[in-house]
Amino acid sequence: MKTCQVSIVVPCFNEGEVIDAFHRALISVLEPMRRTFEICYVDDGSSDRTRARIGSFATADRRVRYTSFSRNFGKEAAMLAGLRMSRGDAVVLMDADLQHPPELLPRMLELRQRGYDQVVARRDRTGEGVLRAFLSAAYYRAMGRCMEVEVVDGEGDFRLLSRHAVNAVLSLPETNRFSKGIFSWIGFDTASFTYRNIQRAAGNSKWGGRRLFNYGIDGLISFNSRPLRLAIHAGLALALAALGYALWIITGVVRHGVAVPGYTTLLTAVVALGGIQLATLGVIGEYVGRIYSESKRRPHYVVRETSESPKPVPVDIPAGARPGPSAPGSGKPPVRRTGSTALGASRFRTIRQFIAFGMIGIVNTAVYLTVYAMLNAWIPYLVAHIIGYVVSFVGSFLLNSYITCRTKPTWQAFVRFPLSSVVNLVLTGILLYLGVSRLGMGKNIAAVAAGILAIPFSFLIARWAIDSGAALARQNAGRAETPAGPTPP
Ligand code: UDP
Ligand code: MG
């Protein structure tokens, strides 16, 4: 098979107005270059004709491939999908709105041939609003001081990456992706050149003020733990200032006696400190939020269709997170959960059940003690003990049916359930004997140890009693309800 020399990755979101012009311009630059190429379009859940257009490009030209998302997942996710799709030795990321001029491609490839793994086309700020240019410049200057990686003003996603660099980018698994930081983080020899900024050919920018602001915060947080350090520094500085202020007041009191004024100072200090604390909490919250979203390990995007398989196919879903049997009416054959997935799920279920069993045990001990303590004032204590035991036993059975095994309690299960107590009694007796007589343990410690060691066995017998009783009840009910003769359709 002929290898592909250049892949062009193009994220598109509602670019219906410009996508035809972009495609024509791109092809007219790529074809004369006499290199094998492919164009990888990623439709980021567009609601206009973008998906239909890139689908038709792919049908008409085998060099065009596409992936379409089930909804808008953002440019970062679209770029990631494009990089994963790409097969070229060099990959160029480009916007679909013609703000990244295709005419620059030959120059980028020439620099790649000179050995650079990253070639960045950097735009100047021609034609940009004064305020936006100022804010961007200020942001990049601040970033330069804070971030652990270098992010340069004007250097965006319009860049060429060698296969080596693409593999490095794809090896970073984070959910909150900030490409500008990632490109800088992976390193490699980088060349850059500046081009004159141009306005988008048609349609509107998808980056409104709020989205840009959030992107800025993403950048700050993704490659940087300095805000946390800053919070510590600010806290220490304030504590020091407060100490100085306290000393000043104390000196004043010693010299002139107690003075009531100071209300304004006090209020100002309280408000200022409250504000700083809230801001610090916000910073910590941002990091905690990121840990939370990373720990969920959700896929970066969900695919609706691709040029390789135009039917809806779920991709980018980690093996462990794939759904089991398909939903009714989905038209797909049910998928059996096998291997590690099923094993993981059943292990998780057992752990959950065991924890529930333990908690119910604690609750029931409390119930027994409460009933016993309440009744033994009125009736003989042994009778109170029996009533307390029966109440906690029935409670244990009901709670374990509903909560631990998540099934309806049945009589069949109820008659089996005491087996768990019998096993517990015998096992704790044996363990107690071994602990005291053979291991020389103290009688009380041995009883506690025996009680704890017996819990898993009691749990297994109790679960078996409830599950098998419920299954037997279902079987009996099925036999009683199924009429003789042919099975109804
Ligand atoms: N884009 C995307 N998903 C989004 C937003 C944008 O795939 O959620 C694409 C968009 O179609 C374009 C590129 O990212 O190809 C840059 O977007 P835009 O031109 O709106 O950004 P700007 O040039 O204003 O920074
Ligand atoms: Mg643009």
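Remember, our numbering sits 906 above the position in the sequence shown when you count from 1.
Beta carbons are placed, not taken as given, at the ideal position from N, Cα and C, and that holds for glycine.
- A straight line joining the alpha-carbon of D1124 with that of E1214 spans about 33 Å.
- Uninterrupted alpha helix (DSSP H) stretches at least 4 residues long and entirely within the stretch 1285 to 1321 occur at 1287 to 1305, given in chain order.
- For I1088, the enclosing alpha helix (DSSP H) stretches over residues 1085 to 1092.
- Spatial neighbours of A1074 in its own chain (CB-CB distance under 7 Å, excluding positions within 5 residues in sequence) are listed in chain order as I1092.
- Here L986 is actually not in contact with V1025; their C-beta atoms are around 20 Å apart, not less than 8 Å.
- The stretch 984 to 999 and the stretch 1203 to 1213 touch, with no fewer than 3 CB-CB distances between them shorter than 8 Å.
- With distances taken between CA atoms, I960 lies nearest to H929 out of M939, P938, R1203, H929.
- By the Cβ neighbour-count rule, Y1151 is exposed, with fewer than 16 other Cβ atoms within 10 Å of its own.
- If you ignore the 5 residues before and after Q911, its C-beta comes within less than 8 Å of the C-beta of R941, T942, F943, G994, D995, A996, all in its own chain and listed in chain order.
- The DSSP-derived three-state label of C910 is coil.
- Around G1021, the same chain offers D1095 as residues with beta carbons nearer than 8 Å, after the five sequence neighbours per side are excluded.
- Judged by pairs of C-beta atoms under 8 Å, the stretch 1251 to 1270 does not touch the stretch 1280 to 1288, as fewer than three such pairs exist.
- The beta carbon of M1014 is closer than 6 Å to those of V1025, L1066 in its chain, skipping five residues each way along the sequence.
- Taking C-alpha positions only, V1277 is separated from A1290 by approximately 7 Å.
- Counting C-beta atoms within 10 angstroms of its own C-beta, K981 has 16 or more neighbours from the protein chains shown and is therefore classed as buried.
- Residue state for D949 is assigned as strand, using DSSP reduced to three classes.
- When Cβ pairs closer than 8 Å are counted between the two stretches, the stretch 958 to 973 is seen not to touch the stretch 1185 to 1201, the count staying below three.
- Sequence-distant Cβ neighbours of L1338 in its own chain, meaning closer than 7 Å and more than five residues away, are A1352, A1353, A1356.
- Shortest gap from the CB of Q1019 to any heavy atom of the ligand MG: 6 Å or more.
- Remark: C-beta atoms of V1055 and S1077 do not approach each other more closely than 7 Å.
- For V1025, DSSP records a beta bridge to L1066, A1097.
- In this structure, V915 keeps its C-beta atom at 7 Å or more from the C-beta atom of A1108.
- Taking C-beta separations shorter than 6 Å and ignoring five residues to either side along the sequence, the partners of F1084 in its chain run D1124, G1125, S1128, following chain order.
- Excluding residues up to 5 positions away in sequence, A1371, G1375 lie with their Cβ nearer than 6 Å to the Cβ of R1322 in the same chain.
- Only residues of its own chain outside the window of five on either side were considered, and among them S1326, N1330 have a CB closer than 6 Å to the CB of S1364, listed in chain order.
- With a beta-carbon spacing of about 5 Å, S992 and C946 fall inside the 8 Å limit used to define contacts.
- Residue burial is scored here from C-beta neighbours: Y972 has at least 16 other C-beta atoms within 10 angstroms and is therefore classed as buried.
- In the DSSP assignment, L999 forms a beta bridge with V915, R1065.
- Where F975 is concerned, the enclosing beta strand (DSSP E) starts and stops at 970 to 975.
- Contact check for G1033 against N1103 passes: the beta carbons are separated by less than 7 Å.
- Beta-bridge partners assigned by DSSP to T1212: T973.
- Our two residues, G1035 and N1082, have alpha carbons roughly 29 Å apart in a direct line.
- Residue list for the ligand UDP: P917, C918, F919, E921, D950, G980, K981, A984, D1001, A1002, D1003, S1111, K1112, W1113 (CB closer than 5 Å to any heavy atom, chain order).
- Sequence-distant partners of D926 (beyond 5 residues in either direction) whose C-beta falls short of 8 Å from its own C-beta, in its chain, are R959.
- For the pair Y1046 and D1030, the CB atoms are not nearer than the 7 Å cut-off.
- Beta-bridge partners of F1323 (DSSP): none assigned.
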